[in-house]
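Asks:
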Amino acid sequence: MGKAINKKIKSKDGINIYYDTYDPGANKGPTLFFVHGVGGDLDAWQYLRKVLHKKGFSSIAMDLRGHGYSDHPCTSSQYQLNNFIDDVISVVDAEEIDKVILIGHSLGAVLTTHVALYHQDRIERLILISSSYLPPAYFKIPGIFLLTDLLAFLSPPPVYPGHSSYPQGKHHKDIEIFGLIRTIMRNSFKSYALSSKEILKSNIEQDLKTIKVPTLIISGDRDSVFPARISKYLHSQISGSELKIIGGANHVIVLNNVDETVKCIYNFLSKQKFQPGC
Numbered sequence: 000m001g002k003a004i005n006k007k008i009k010s011k012d013g014i015n016i017y018y019d020t021y022d023p024g025a026n027k028g029p030t031l032f033f034v035h036g037v038g039g040d041l042d043a044w045q046y047l048r049k050v051l052h053k054k055g056f057s058s059i060a061m062d063l064r065g066h067g068y069s070d071h072p073c074t075s076s077q078y079q080l081n082n083f084i085d086d087v088i089s090v091v092d093a094e095e096i097d098k099v100i101l102i103g104h105s106l107g108a109v110l111t112t113h114v115a116l117y118h119q120d121r122i123e124r125l126i127l128i129s130s131s132y133l134p135p136a137y138f139k140i141p142g143i144f145l146l147t148d149l150l151a152f153l154s155p156p157p158v159y160p161g162h163s164s165y166p167q168g169k170h171h172k173d174i175e176i177f178g179l180i181r182t183i184m185r186n187s188f189k190s191y192a193l194s195s196k197e198i199l200k201s202n203i204e205q206d207l208k209t210i211k212v213p214t215l216i217i218s219g220d221r222d223s224v225f226p227a228r229i230s231k232y233l234h235s236q237i238s239g240s241e242l243k244i245i246g247g248a249n250h251v252i253v254l255n256n257v258d259e260t261v262k263c264i265y266n267f268l269s270k271q272k273f274q275p276g277c
């Protein structure tokens with residue numbers, strides 16, 4: 000895949016947002032915009048992007064605020080959901096693109112759903128991978144938000160901010176203790192906790208039916224983080240959406256199941272008329 004062009008922009012509230020672009024040249028197809036999950040960075044998409052780039056798609060991937068080479072804000076007010084939404088649109092604006100195909104994984108997919116709700120005019124198609132629509136059960140624990148804010152306040156800055164290593168293969172588990180430690184060292188507990196809290200605390204179940212852009216939903220039947228039943232419900236609520244359940248796949252589809260995921264995405268993007276399945 001050619002060399003990425005690394006870029007930074009200033010967000011509406013003055014935060015540096017890092018992203019990169021790949022352009023296949025004169026015959027490029029629609030622009031794919033990739034949004035990683037909380038604790039990750041744009042390099043998590045490298046394998047999917049490589050294959051889709053060869054198929055003629057230009058792409059953008061960003062580091063969410065508090066992640067990778069984007070700034071790591073100090074205050075909880077800088078991790079509001081609206082900030083994350085504005086960051087995505089600001090990158091689209093900076094690239095002078097009218098509409099993008101928005102692709103998110105995990106909490107990045109939850110975020111892209113919010114982007115689609117507020118900015119459907121900027122979204123050509125929406126692809127949600129290992130996604131959800133409601134906060135997890137532990138968010139109902141009394142005082143959980145206060146505890147999160149307290150721990151975030153006490154959190155030291157990241158030890159070595161930057162991008163993680165993402166070896167490809169079917170060995171990535173849904174929950175890896177050492178992986179979580181590495182994530183916190185790169186992003187700090189502050190950014191990890193506050194990003195998760197802000198993106199997840201809003202229940203968008205009642206808004207899903209308002210999404211009118213063509214949507215593909217992908218899940219693994221062994222996902223223990225956001226089980227496939229959640230994706231099935233998303234499919235039932237988003238009119239005209241397509242659903243693909245990948246057998247044997249867990250939550251880390253974008254690394255463990257690259258070929259299956261690319262096939263599903265490419266088939267979806269290649270269709271003139273949207274039909275169930277991929």
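Using numbering that gives the first Met the number 0, the first residue of the sequence shown is number 0, and each one after it goes up by one. Note that beta-carbon positions come from the ideal geometry of N, C-alpha and C, so glycine has one too.
(1) Between the C-alpha atoms of Y90 and K98, what's the straight-line distance to the nearest angstrom?
(2) Which runs of the alpha helix (DSSP H) fall wholly inside the region 17–95 and span at least 4 residues, in chain order?
(3) Sorted by chain position, which residues of the same chain lie with C-beta nearer than 8 Å to I14's C-beta, five sequence neighbours on each side aside?
(4) Going by C-alpha to C-alpha distance, which of D92, K53, I100 sits closest to T30?
(5) Got a sec, what are the start and stop residues for the alpha helix (DSSP H) H104 sits in?
(6) In terms of residues, what are the limits of the alpha helix (DSSP H) holding E204?
(7) Apart from the five residues just before and just after T214, which ones in its own chain have a Cβ nearer than 6 Å to its Cβ?
(8) Enumerate in chain order the residues of its own chain whose CB-to-CB distance from C263 is below 8 Å, with the five nearest sequence positions on each side excluded.
(9) Roughly how many whole angstroms lie between the Cα atoms of Q45 and T209?
(10) Hey, how far is the Cα of D62 from the Cα of T112?
(11) Distance check for D222 and A336, CA to CA, integer angstroms please.
Replies: Considering the structure as presented:
(1) Counted from its first residue, the sequence shown places residue 90 at position 91. Counted from its first residue, the sequence shown places residue 98 at position 99. Going by the sequence as given, residue 90 is Val instead of Tyr. Cα to Cα, the separation comes out at about 12 Å.
(2) 45–53, 80–93
(3) Counting from 1 along the sequence shown, the entry for residue 14 is found at position 15. Excluding positions up to five away in sequence, the list reads R64, S69, D70, P72, Q77, N82, D86.
(4) For the purposes of this step, residue 30 is identified with residue 31 of the sequence shown, where counting begins at 1. The option with the nearest alpha carbon to T30 is I100.
(5) Residue 104 sits at position 105 when you count from the first residue of the sequence shown. That residue, H104, is in no alpha helix (DSSP H); its beta strand (DSSP E) goes 99–104.
(6) Numbered from 1 along the sequence shown, position 205 holds the residue referred to as residue 204. Neither: E204 is in no alpha helix (DSSP H) and is coded neither H nor E.
(7) Your numbering for residue 214 matches position 215 in the sequence shown. Same-chain partners within the cutoff: L125, I237, S240.
(8) Walking along the sequence shown from the start, residue 263 turns up at place 264. Taking C263 as the centre and dropping the five residues before and after it, the same chain places the C-beta of L215, I217, K243, I245, C277 closer than 8 Å to its C-beta, in chain order.
(9) Within the sequence shown, the letter at position 46 stands for residue 45. Within the sequence shown, the letter at position 210 stands for residue 209. Near 32 Å, if we compare the C-alpha coordinates of T209 and Q45.
(10) Within the sequence shown, numbered from 1, the residue matching residue 62 stands at position 63. Within the sequence shown, numbered from 1, the residue matching residue 112 stands at position 113. Straight-line spacing of the CA atoms in D62 and T112 works out to 17 Å.
(11) Nothing about residue 336 can be read from this structure; the chain reaches only from 0 to 277.
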